[in-house]
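Asks: I'd like to ask you about the structure that follows.
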Amino acid sequence: MPMSKEADALRAQIVQLAGAYSAAAWPKRSFRPGIDPVPVSGKVFDRAEVASLLEASLDFHLTTGRFARRFEKEFAAFQQRRFALLTNSGSSANLLAVAALTSERLGGKRLLPGDEVLTVAAGFPTTVNPILQNGLVPVFADVSLPTYNIDVSERLEQAIGPRTRAIILAHTLGNPFNLTEIRRLADKYGLWLIEDCCDAVGSLYEGKPVGTFGDLATFSFYPAHHLTMGEGGAVLTSSPLLRKIVESYRDWGRDCWCEPGEDNTCGRRWDWKLGDLPHGYDHKYIYSHIGYNLKATDMQAAIGVAQLAKLPSFIEARRRNFAYLYEALSSLQDALILPEPTPGSEPSWFGFPITLRDNAPATRLRLLTELDRARIGTRLLFAGNLLRHPAYAAIPHRIHGELPVSDLILNRTFWIGVYPGLTEEMLAHSASSIRKALGKGRSG
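299 is the number that the numbering used here gives to position 298 of the sequence shown; each next residue is one higher, with no gaps.
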């Protein structure tokens, strides 16, 4: 509905004030080593995000709307996929991607309860949880260092059994897994492939964006990630059928594809005959899946639209910060295993993983304690070995071989930040503090 001239003028004034407010509320300050924190991750924003959020708020369109549609279109183009479906989190995106593969609309290719899904135990739990939540059985393979991704040695093919029907893997901390080999196995055995790209926006493999190799790809827009909208995620695909299925699961399981607040997009709202329903039953309330409500709001999407414009510079900063840390820590490789990109890849790094060697002069606990005293944020590599956690003690699963590297990660690995909000002074403080904690003196 058109607004009055007075409302339009007030709106413009409010949005314009966002710039002044942003400068006053979040001024830039000089970094003080040992006093100010060096976070592992965080949101990077300015007046553009605040103004965009205000625009959406003043629309007062409280569910998905014009900003969500714009974000989906622009993000799909950035990722070189036909379709993007916005969700309320990356974890929800994983849930929707796996659930979609159980749809009856896939016929003989649908996943059935008891079917197996190849994955790894060294990672974030919500890559694996949707497998269990859909009555499927995870098959855990080990990972390898220094990429922290699935071990693609010749033995991996032996993990595929008669009931293995899909693969879901994350690109660990932005480092692409070996997509050539995984895609080969998926094609050879007719397996679905889901790429969990939640930590890998902007990563490339053989010159192509991650997320373009699988049947489905998932992304996260949590504040820690490459771009943010607070809470948010997306499922991407180039398959019209998978797009429709994911959308149905996301939107209560309904068969209708109308946007919230819209009716009769298909022009046949009262002319459908599905299931045992009477002819003409309102298509808006016909359900073809046991679905959820996992949409994002337009206010979230508005932040994402502003962030998308900055994404190339964010990716460049992450790569630059990673390179700085690698150079600063390279002399410590007698004590530390430093990360390496998967051959043929160009990661958009989410973090800088470090694993202590057997002969390291400090334990991980001591090192992390010293870094904490220096106000440097650290994280373990998520679950380490997921099967060591109490929630997973009794889950149905199969292990391919053993998981010694996953256990090594559980006990000796951590990571530090490379996100765009870190300055060179912060990175230098991180490297210097690691050297000091290992008894190696200060860097540079």
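Even for Gly, the Cβ is constructed at its ideal location relative to N, Cα and C.
Locate the beta strand (DSSP E) running through L449, then write down its first and last residues.
Replies: Within the shown structure, residues of the chain are numbered from 2 to 445, placing residue 449 beyond reach of any answer.
Asks: From the DSSP output, in three-state form, read off T181 for me.
Replies: In the structure shown, T181 sits in a helix (DSSP, three-state: H, G or I).
Asks: Whose C-alpha, out of I246, P391, A438, is nearest the C-alpha of A85?
Replies: The shortest C-alpha separation from A85 is found at I246.
Asks: Determine the direct distance from the alpha carbon of I377 to that of G445, and round the result to whole angstroms.
Replies: At G445 the pLDDT is 37, less than 50, meaning the model places this residue with poor confidence and gives no usable figure here.
Asks: Using only the alpha-carbon positions, how far apart do R443 and S331 sit?
Replies: Residue confidence for R443 is low, a pLDDT of 49 falling below 50, so the modelled location carries little weight; the figure read from the coordinates is stated next. Straight-line Cα distance between these residues: approximately 13 Å.
Asks: Would you be able to state if there are at least three C-beta pairs under 8 Å between the stretch 262-277 and the stretch 206-219?
Replies: Contact fails: fewer than three Cβ-Cβ distances are below 8 Å.
Asks: Return the CA-CA distance between G233 and E73, expressed in angstroms with no decimal places.
Replies: Each residue's Cα considered, the two are about 12 Å apart.
Asks: Between the Cα of A187 and the Cα atoms of Y223, A19, R12, R166, which residue gives the shortest distance?
Replies: Checked all of Y223, A19, R12, R166; the closest Cα to A187 is R166.
Asks: Using only alpha-carbon positions, find the residue among F222, A375, D359 that is nearest to L312.
Replies: Comparing Cα positions, the closest option is F222.
Asks: Is there a Cβ from chain B that is less than 8 Å from the Cβ of R185?
Replies: Looking at the structure shown, chain B is missing, and only one protein chain is on hand.
Asks: At the level of alpha carbons, what is the spacing between R380 and F415?
Replies: Rounded to the nearest angstrom, the two C-alpha atoms are 6 Å apart.
Asks: Could you tell me the distance, in whole angstroms, from the CA atom of R71 to the CA atom of V306?
Replies: Cα to Cα, the separation comes out at about 7 Å.
Asks: Measuring only the C-alpha atoms, how far is W273 from D283?
Replies: Distance between the alpha carbons of W273 and D283: 8 Å.
Asks: Compare the beta carbon distance of P147 and I338 with 8 Å and say whether it is the shorter of the two.
Replies: Yes, Cβ-Cβ distance for P147 and I338 is below 8 Å.
Asks: For S444, which three-state DSSP category applies?
Replies: Interpretation of S444 is limited by its pLDDT of 40, a score under 50 that renders its predicted location unreliable; the figure taken from the coordinates is listed afterwards. S444: coil per DSSP, three-state reduction.
Asks: Can you look up L133 in the DSSP assignment and give me helix, strand or coil?
Replies: Note: L133 maps to helix in three-state DSSP.
Asks: Express the C-alpha separation of L369 and D446 in angstroms, rounding to a whole number.
Replies: Outside the shown range of the chain (2 to 445) lies residue 446, about which nothing can therefore be said.
Asks: Taking only the alpha-carbon atoms, compute the straight-line gap between A77 and L237 and give it to the nearest angstrom.
Replies: The straight-line gap from Cα to Cα measures roughly 7 Å.
Asks: Taking the alpha-carbon of L423 as reference, which of R320, F141, A24 has the nearest alpha-carbon?
Replies: It is R320 whose Cα lies nearest to the Cα of L423.
Asks: Which residues mark the beginning and the end of the beta strand (DSSP E) in which V121 is found?
Replies: Counting along the chain, the beta strand (DSSP E) containing V121 begins and ends at 117-121.
Asks: Compute the beta-carbon to beta-carbon distance between D143 and G402, rounded to the nearest angstrom, for a pair I have assumed lies under 8 Å.
Replies: Indeed, because the Cβ distance is near 7 Å, the residues count as touching under 8 Å.
Asks: So Y293 and D256 are in contact, right, with Cβ under 8 Å, and what is the actual spacing, rounded?
Replies: Rounded, the Cβ-Cβ distance is 15 Å, inconsistent with contact.
Asks: Which residue or residues does DSSP assign as beta-bridge partners of F220?
Replies: F220 is bridged to A235.
Asks: Work out the CA separation of P421 and W350 for me, nearest whole Å.
Replies: Those two C-alpha atoms are separated by around 11 Å.
Asks: Using 10 angstroms around the beta-carbon of S93, count the other beta-carbons present and answer buried if the total reaches 16, otherwise exposed.
Replies: It counts as buried.
Asks: Mapping the DSSP letters down to three states, classify G35 as helix, strand or coil.
Replies: Reduced to three states, the DSSP call for G35 is coil.
Asks: Give the range of the beta strand (DSSP E) segment to which I168 is assigned.
Replies: Where I168 is concerned, the enclosing beta strand (DSSP E) stretches over 165-171.
Asks: Per the contact definition of three or more C-beta pairs closer than 8 Å, is the stretch 43-59 in contact with the stretch 16-28?
Replies: Yes, the stretch 16-28 is in contact with the stretch 43-59.
Asks: In terms of residues, what are the limits of the alpha helix (DSSP H) holding G124?
Replies: Unbroken run through G124: none, as it is neither H nor E.
Asks: Nearest CA to the CA of G124: which residue from L428, R389, V419?
Replies: Closest by alpha carbon: R389.
Asks: Under the rule that 16 or more other beta-carbon atoms within 10 Å means buried, what is R156, buried or exposed?
Replies: By the neighbour-count rule (16 or more Cβ atoms within 10 Å), R156 is not buried but exposed.
Asks: Quick one, which of M427, T213, S433, Q159 has its alpha-carbon nearest F32's?
Replies: Minimum Cα distance to F32 is reached at M427.
Asks: In its own chain, which residues sit with a C-beta less than 8 Å from the C-beta of V41, not counting the 5 before and 5 after it?
Replies: Cβ within range, chain order: A225, G352, G378, T379, R380, W416, I417, G418, Y420.
Asks: Could you give the distance in angstroms between the alpha-carbon of L119 and the alpha-carbon of T356?
Replies: Distance between the alpha carbons of L119 and T356 is about 25 Å.
Asks: Within 8 Å, do at least three Cβ pairs link the stretch 357-364 to the stretch 390-400?
Replies: Cβ pair count under 8 Å is below three, so no.
Asks: Hey, how far is the Cα of I1 from the Cα of N176?
Replies: There is simply no residue 1 to check, as the chain begins at 2 and stops at 445 in what is shown.
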